[in-house]
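Undergrad: Dumping the structure here so I can ask a few things about it.
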Amino acid sequence: EPFVADEYIERLAWRTPGGGSRGGEAFDPKRLLEEFVNHIQELQVMDERIQRKVEKLEQQCQKEAKEFAKKVQELQKSNQVAFQHFQELDEHISYVATKVCHLGDQLEGVNTPRQRAVEAQKLMKYFNEFLDGELKSDVFTNSEKIKEAADIIQKLHLIAQELPFDSLMDFCCYPLSSPGKYHDLECQLIQEFTSAQRRGEICRMREVAAVLLHFKGYSHCVDVYIKQCQEGAFLRNDVFEDAAILCQRVNKQVGEVFSNPETVLAKLIQNIFEVKLQSYVKDQLEEHRKSDAEQYLKNLYDLYTRTTNLSSKLMEFNLGTDKQTFLSKLIKSIFISYLENYIEVEIGYLKSRSAMILQRYYDSKNHQKRSIGTGGIQDLKERIRQRTNLPLGPSIDTHGETFLSQEVVVNLLQETKQAFERCHRLSDPSDLPKNAFRIFSMLVEFLCTEHIDYALETGLAGIPSSDSKNANLYFLDVVHQANTIFHLFDKQFNDHLMPLISSSPKLSECLQKKKDIIEQMEVKLDMGIDTLNCMIGQMKHILAAEQKKTDFKPEDENNVFIQYTNACVKVCGYVRKQVEKIRNSMDGKNVDTVLMELGVRFHRLVFEHLQQYSYSCMGGMLAICDVAEYRKCAKDFKIALVLQLFDTLHALCNLLVVAPDNLKQVCSGEQLANLDKNILHSFVQLRVDYRSARLARHFS
Numbered sequence: 001e002p003f004v005a006d007e008y009i010e011r012l013a014w015r016t017p018g019g020g021s022r023g024g025e026a027f028d029p030k031r032l033l034e035e036f037v038n039h040i041q042e043l044q045v046m047d048e049r050i051q052r053k054v055e056k057l058e059q060q061c062q063k064e065a066k067e068f069a070k071k072v073q074e075l076q077k078s079n080q081v082a083f084q085h086f087q088e089l090d091e092h093i094s095y096v097a098t099k100v101c102h103l104g105d106q107l108e109g110v111n112t113p114r115q116r117a118v119e120a121q122k123l124m125k126y127f128n129e130f131l132d133g134e135l136k137s138d139v140f141t142n143s144e145k146i147k148e149a150a151d152i153i154q155k156l157h158l159i160a161q162e163l164p165f166d167s168l169m170d171f172c173c174y175p176l177s178s179p180g181k182y183h184d185l186e187c188q189l190i191q192e193f194t195s196a197q198r199r200g201e202i203c204r205m206r207e208v209a210a211v212l213l214h215f216k217g218y219s220h221c222v223d224v225y226i227k228q229c230q231e232g233a234f235l236r237n238d239v240f241e242d243a244a245i246l247c248q249r250v251n252k253q254v255g256e257v258f259s260n261p262e263t264v265l266a267k268l269i270q271n272i273f274e275v276k277l278q279s280y281v282k283d284q285l286e287e288h289r290k291s292d293a294e295q296y297l298k299n300l301y302d303l304y305t306r307t308t309n310l311s312s313k314l315m316e317f318n319l320g321t322d323k324q325t326f327l328s329k330l331i332k333s334i335f336i337s338y339l340e341n342y343i344e345v346e347i348g349y350l351k352s353r354s355a356m357i358l359q360r361y362y363d364s365k366n367h368q369k370r371s372i373g374t375g376g377i378q379d380l381k382e383r384i385r386q387r388t389n390l391p392l393g394p395s396i397d398t399h400g401e402t403f404l405s406q407e408v409v410v411n412l413l414q415e416t417k418q419a420f421e422r423c424h425r426l427s428d429p430s431d432l433p434k435n436a437f438r439i440f441s442m443l444v445e446f447l448c449t450e451h452i453d454y455a456l457e458t459g460l461a462g463i464p465s466s467d468s469k470n471a472n473l474y475f476l477d478v479v480h481q482a483n484t485i486f487h488l489f490d491k492q493f494n495d496h497l498m499p500l501i502s503s504s505p506k507l508s509e510c511l512q513k514k515k516d517i518i519e520q521m522e523v524k525l526d527m528g529i530d531t532l533n534c535m536i537g538q539m540k541h542i543l544a545a546e547q548k549k550t551d552f553k554p555e556d557e558n559n560v561f562i563q564y565t566n567a568c569v570k571v572c573g574y575v576r577k578q579v580e581k582i583r584n585s586m587d588g589k590n591v592d593t594v595l596m597e598l599g600v601r602f603h604r605l606v607f608e609h610l611q612q613y614s615y616s617c618m619g620g621m622l623a624i625c626d627v628a629e630y631r632k633c634a635k636d637f638k639i640a641l642v643l644q645l646f647d648t649l650h651a652l653c654n655l656l657v658v659a660p661d662n663l664k665q666v667c668s669g670e671q672l673a674n675l676d677k678n679i680l681h682s683f684v685q686l687r688v689d690y691r692s693a694r695l696a697r698h699f700s
């Protein structure tokens with residue numbers, strides 16, 4: 001710790017007897033002084049002793065420093081000498097290396113021709129053996145040296161090919177010629193490769209393949225390998241899965257055997273496609289090609305899909321630079337004869353299948369489709385009959401049948417959906433929009449024209465005249481089902497057709513065709529608005545049958561206990577049912593449009609009906625109650641105009657009961673102020689007391 005003089009003196013005083021209590025009885029200053037003097041003397045002696053030790057150490061350090069410096073100088077001199085020797089040695093080594101390189105070049109220049117001469121001599125020796133027709137060398141007789149023999153035979157074969165034809169004829173009969181030893185050895189190597197493959201000896205296969213690489217029969221070796229790979233590989237029913245497993249296994253092995261694995265694997269895949277798959281596809285398709293179009297199309301779609309899926313799996317392997325084009329060509333070679341006329345088969349099947357679905361439905365209903373007049377005299381008569389009360393012949397009775405079937409629609413849409421899926425998969429990209437449009441045209445023809453349009457025409461022809469009693473308005477059921485079906489049609493248009501034509505000129509053509517269909521159906525639905533005439537006719541019939549003159553001019557004014565007339569109850573009940581039916585049959589703005597038209601006609605009917613009677617005071621009150629009930633019924637329409645009309649009619653009915661003195665005040669009220677005075681006058685004239693001079697005077 002750092003030395004602090006004050007603390008040191010304090011500790012010294014504390015340890016000295018009589019020096020620790022200043023001013024106390026035990027304090028002894030003389031003793032403390034004596035202790036301090038003695039301690040100072042001890043410190044001086046210690047200081048002198050330490051000083052002598054320091055001086056001794058300094059002298060020793062200086063001596064060792066001089067010795068170390070001298071030693072360093074000696075080492076530097078030795079280092080310089082060693083460095084100089086190293087430079088001399090380096091120069092000598094460089095000189096020797098140059099000499100050795102020069103000598104090596106000279107030796108190589110002499111040895112290379114010598115080695116060639118030796119090899120040439122050996123080849124000449126072997127060549128002489130072939131000329132003599134007697135092979136004595138160990139390399140030809142020892143089966144274990146087949147690799148060396150193959151190398152010699154390959155070189156001799158090349159030499160024989162370079163000789164003039166006349167010279168070659170002198171020994172063409174010997175085994176060295178084409179059908180001779182070269183071919184025999186080649187066959188022997190291929191047999192060895194085959195045996196090694198069966199034993200699963202990858203190393204031996206690699207060695208033999210490397211030797212055969214320089215022979216003409218190398219491709220035959222690859223063919224043998226490919227053939228043996230497929231032995232026992234296609235034992236299951238799923239040839240595509242077997243092919244994928246085989247290629248996966250061969251892909252791991254081929255790189256260990258051949259120097260060009262991508263070429264060998266590509267050749268294996270080509271063989272699988274052109275032999276196994278093509279044969280399998282032909283067997284599956286030719287069986288149903290002419291006899292069963294449905295099964296043929298299903299098989300074609302399934303086989304093409306599985307083939308393309310197999311191709312996608314094979315894309316993982318190294319097959320060369322442009323494997324996508326390679327695999328596409330293989331697929332095309334298998335299916336080209338089937339894809340060329342695919343769309344014709346598809347359209348033919350779709351047409352016959354759709355016609356059968358429709359016919360089966362109409363047969364189940366015991367209905368024979370008939371031509372519904374859409375123009376000329378028949379159409380004119382029908383329109384006149386619907387819009388007037390002229391008896392131009394009875395309407396067609398459909399017996400409540402709409403001739404629309406959800407099951408038929410689902411079947412047609414399902415068939416078309418499958419056709420779109422097949423079209424997407426099997427059509428050439430350039431022909432896809434055109435083919436999709438043809439399928440869409442088939443759907444329009446059979447679903448929209450032959451089914452929906454026919455049902456609408458039949459429904460229109462079945463609308464009864466306005467004077468029919470107890471008429472059943474089935475046309476609204478037709479509208480409801482047609483609306484639901486068209487939503488399904490529109491969904492398939494967006495989900496399955498649009499992706500196929502979205503980027504082609506056929507898009508505008510399909511949209512226009514769809515628009516024309518919608519407009520055509522809307523025209524027929526608008527024509528069906530004449531069912532409102534039938535509704536109004538039914539209301540007229542109810543009012544005529546149920547409303548009595550005594551309802552509004554009772555014989556006993558004091559004995560009227562009903563809240564509203566029986567005719568009002570039945571009409572309101574009928575109207576509520578029709579409003580609910582219209583809401584269930586239509587959607588969107590069509591609901592409001594039809595309800596507004598019905599509400600206006602309903603108001604006109606009630607307005608004209610009320611003007612057919614005379615009203616006493618109590619009868620006027622009953623009429624107000626009836627109109628209030630009609631107004632409550634009008635609220636179900638949820639149309640502002642209709643409710644306003646009935647509010648005004650309710651205000652007009654007040655003129656039937658108001659006191660004569662208040663007539664002018666009521667007529668100038670908010671609801672009646674803007675009405676024609678003749679209308680107000682016509683209602684006032686319905687009062688039984690109208691002819692009294694007082695009432696006529698007040699109203700004039």
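Each residue of the sequence shown is one higher than the one before, counting from 1 in the UniProt record's numbering.
Glycine residues also receive a C-beta, built at the ideal position from the N, C-alpha and C atoms.
At the level of alpha carbons, what is the spacing between residue 244 and residue 221?
TA: For the purposes of this step, residue 244 is identified with residue 244 of the sequence shown, where counting begins at 1. For the purposes of this step, residue 221 is identified with residue 221 of the sequence shown, where counting begins at 1. Using only the alpha carbons, I get a separation of about 23 angstroms.
Undergrad: Okay, do the segment 447–467 and the segment 402–416 touch, 3+ Cβ pairs below 8 angstroms being the bar?
TA: yes
Undergrad: What's the call for residue 315, buried or exposed, on a 16-neighbour Cβ count within 10 Å?
TA: In the sequence shown, the residue the question calls residue 315 occupies position 315. By the neighbour-count rule (16 or more Cβ atoms within 10 Å), residue 315 is not buried but exposed.
Undergrad: Which partner residues does residue 631 have in the DSSP bridge list?
TA: One-based indexing of the sequence shown puts residue 631 at position 631. Looking at the DSSP assignment, residue 631 forms no beta bridge with any residue, so it has no partner.
Undergrad: Should residue 50 be labelled buried (16 or more other beta-carbon atoms within 10 Å of its own) or exposed?
TA: Position 50 of the sequence shown, counting from 1, holds the residue named residue 50. The residue in question, residue 50, is exposed, as its Cβ has fewer than 16 Cβ neighbours within 10 Å.
Undergrad: Span of the alpha helix (DSSP H) holding residue 423?
TA: On the sequence shown, position 423 is the one that residue 423 refers to. That run of the alpha helix (DSSP H) goes 406–426.
Undergrad: Compute the Euclidean distance between the alpha carbons of residue 680 and residue 552, then round it to the nearest angstrom.
TA: Reading the sequence shown from its first residue, position 680 is the one you call residue 680. Reading the sequence shown from its first residue, position 552 is the one you call residue 552. Rounded to the nearest angstrom, the gap between the Cα atoms of residue 680 and residue 552 is 19 angstroms.
Undergrad: Please list the terminal residues of the continuous alpha helix (DSSP H) segment that includes residue 245.
TA: Along the sequence shown, one-based indexing puts residue 245 at 245. From DSSP, the alpha helix (DSSP H) with residue 245 extends over 239–257.
Undergrad: In the DSSP assignment, find the unbroken alpha helix (DSSP H) run with residue 17 in it and report its ends.
TA: For this step, residue 17 is matched to residue 17 along the sequence shown. Careful: residue 17 lies outside any alpha helix (DSSP H) and carries neither H nor E.
Undergrad: For the segment 575–590 against the segment 507–520, are there 3 or more C-beta pairs whose distance is under 8 angstroms?
TA: no
Undergrad: Are residue 517 and residue 410 touching if we call contact CB-CB under 8 angstroms?
TA: Taking the first residue of the sequence shown as position 1, residue 517 is located at position 517. Taking the first residue of the sequence shown as position 1, residue 410 is located at position 410. No.
Undergrad: Just to confirm, are residue 581 and residue 476 a CB contact at a threshold of 8 angstroms?
TA: Here residue 581 corresponds to residue number 581 of the sequence shown, with the count starting at 1. Here residue 476 corresponds to residue number 476 of the sequence shown, with the count starting at 1. Yes, they are a contact pair.
Undergrad: In angstroms, rounded to a whole number, what distance separates the CA positions of residue 485 and residue 418?
TA: Your numbering for residue 485 matches position 485 in the sequence shown. Your numbering for residue 418 matches position 418 in the sequence shown. Roughly 18 angstroms separates the two Cα atoms.
Undergrad: Let's test the definition: count the other Cβ atoms within 10 Å of the Cβ of residue 453 and tell me whether it reaches 16, buried, or not, exposed.
TA: The residue labelled residue 453 in the question sits at position 453 within the sequence shown. Around the CB of residue 453, 16 or more other CB atoms lie within 10 Å, so the residue is classed as buried.
Undergrad: Is the distance from the Cβ of residue 488 to the Cβ of residue 610 below 8 angstroms?
TA: As a first step, residue 488 must be located in the sequence shown, where it is residue number 488. As a first step, residue 610 must be located in the sequence shown, where it is residue number 610. No, they are not a contact pair.
Undergrad: In the structure shown, what three-state DSSP assignment does residue 613 receive?
TA: Within the sequence shown, residue 613 is the residue found at index 613, counting from 1. Three-state result, residue 613: coil.
Undergrad: Going by DSSP, what residues sit across from residue 604 in a beta bridge?
TA: Reading the sequence shown from its first residue, position 604 is the one you call residue 604. In the DSSP output, where bridge partners are listed per residue, residue 604 has none listed.
Undergrad: Suppose you measure from the CA of residue 352 to the CA of residue 312; what does that come to, to the nearest Å?
TA: The sequence position of residue 352 within the sequence shown is 352, counting from 1. The sequence position of residue 312 within the sequence shown is 312, counting from 1. Cα to Cα, the separation comes out at about 35 angstroms.
Undergrad: Whose C-beta lies closer than 8 angstroms to the C-beta of residue 375 among residues of the same chain, with five residues either side of it excluded?
TA: Counting from one through the sequence shown, the residue named residue 375 turns up at place 375. Annotation note: pLDDT 45 at residue 375 (below 50); position unreliable, coordinate value reported separately. Counting only Cβ-Cβ distances below 8 angstroms, and skipping sequence neighbours, we find nothing.
Undergrad: Give me the Cβ distance between residue 568 and residue 519, rounded to the nearest whole Å; I'm assuming they're in contact under 8 angstroms.
TA: If you number the sequence shown from 1, residue 568 lands on position 568. If you number the sequence shown from 1, residue 519 lands on position 519. Actually they are not in contact, since the Cβ atoms of residue 568 and residue 519 sit about 41 angstroms apart, beyond 8 angstroms.
Undergrad: Count the other CB atoms, across all protein chains shown, that sit within 10 Å of the CB of residue 773; report buried if there are 16 or more and exposed otherwise.
TA: The first residue shown for the chain is 1 and the last is 700, placing residue 773 beyond what the model contains.
Undergrad: Using C-beta distances below 7 angstroms, list every residue in its chain close to residue 272, excluding the 5 sequence neighbours before and after it, in chain order.
TA: Here residue 272 corresponds to residue number 272 of the sequence shown, with the count starting at 1. Excluding residues within five positions, the ones whose Cβ falls inside 7 angstroms are 243.
Undergrad: Could you give the C-beta distance for residue 652 and residue 683, rounded to a whole number, given that I count them as a contact under 8 angstroms?
TA: Position 652 of the sequence shown, counted from the first residue, corresponds to residue 652. Position 683 of the sequence shown, counted from the first residue, corresponds to residue 683. Indeed, because the Cβ distance is near 5 angstroms, the residues count as touching under 8 angstroms.
Undergrad: Ignore the nearest five residues each way along the sequence and tell me which others in residue 591's own chain have a CB closer than 8 angstroms to its CB.
TA: Against the sequence shown, residue 591 aligns to sequence position 591. Same-chain partners within the cutoff: 582, 583.
Undergrad: Report the option in 433, 330, 675, 442 whose CA atom is closest to the CA atom of residue 501.
TA: For this step, residue 501 is matched to residue 501 along the sequence shown. That would be 433, whose Cα lies nearest to the Cα of residue 501.
Undergrad: Within the segment 627–676, note down every full alpha helix (DSSP H) run reaching 4 residues or more, in order along the chain.
TA: 640–653, 663–667
Undergrad: So which of 463, 504, 455 has the shortest CA-CA distance to residue 483?
TA: Here residue 483 refers to the residue found at position 483 when the sequence shown is read from its first residue. The residue with the shortest Cα to Cα distance from residue 483 is 455.
Undergrad: Work out the CA separation of residue 302 and residue 241 for me, nearest whole Å.
TA: In the sequence shown, the residue the question calls residue 241 occupies position 241. In the sequence shown, the residue the question calls residue 302 occupies position 302. So the alpha carbons of these two residues sit roughly 14 angstroms apart.
Undergrad: How would you label residue 359, buried or exposed, when you count the other beta carbons within 10 angstroms and need 16 or more for buried?
TA: Residue numbering aside, residue 359 sits at position 359 when the sequence shown is read from its first letter. Counting Cβ neighbours within 10 Å, residue 359 comes out exposed, since fewer than 16 surround it.
Undergrad: Mind checking whether residue 336 and residue 307 have CB atoms under 8 angstroms apart?
TA: As a working note, residue 336 is residue 336 in the sequence shown. As a working note, residue 307 is residue 307 in the sequence shown. Result no, Cβ atoms of residue 336 and residue 307 do not sit closer than 8 angstroms.
Undergrad: In whole angstroms, give me the CA-to-CA distance for residue 231 and residue 495.
TA: The residue you call residue 231 lines up with position 231 of the sequence shown. The residue you call residue 495 lines up with position 495 of the sequence shown. So the alpha carbons of these two residues sit roughly 46 angstroms apart.
Undergrad: Could you give the DSSP three-state label for residue 583: helix, strand or coil?
TA: The sequence position of residue 583 within the sequence shown is 583, counting from 1. DSSP places residue 583 in helix when its eight states are reduced to three.
Undergrad: Tell me which same chain residues have a C-beta within less than 6 angstroms of the C-beta of residue 565, skipping the five on either side of it?
TA: To locate residue 565, count along the sequence shown from 1; it is residue 565. Excluding positions up to five away in sequence, the list reads 551, 626.
Undergrad: Since I believe residue 277 is in contact with residue 338 (beta carbons under 8 angstroms), could you give me their beta-carbon distance rounded to a whole number of angstroms?
TA: By 1-based counting over the sequence shown, the position of residue 338 is 338. By 1-based counting over the sequence shown, the position of residue 277 is 277. Incorrect: roughly 13 angstroms between the Cβ atoms, too far for contact.
Undergrad: Of the choices 430, 655, 112, whose alpha-carbon is the least far from that of residue 619?
TA: For this step, residue 619 is matched to residue 619 along the sequence shown. Ranking the options by Cα distance to residue 619, first place goes to 655.
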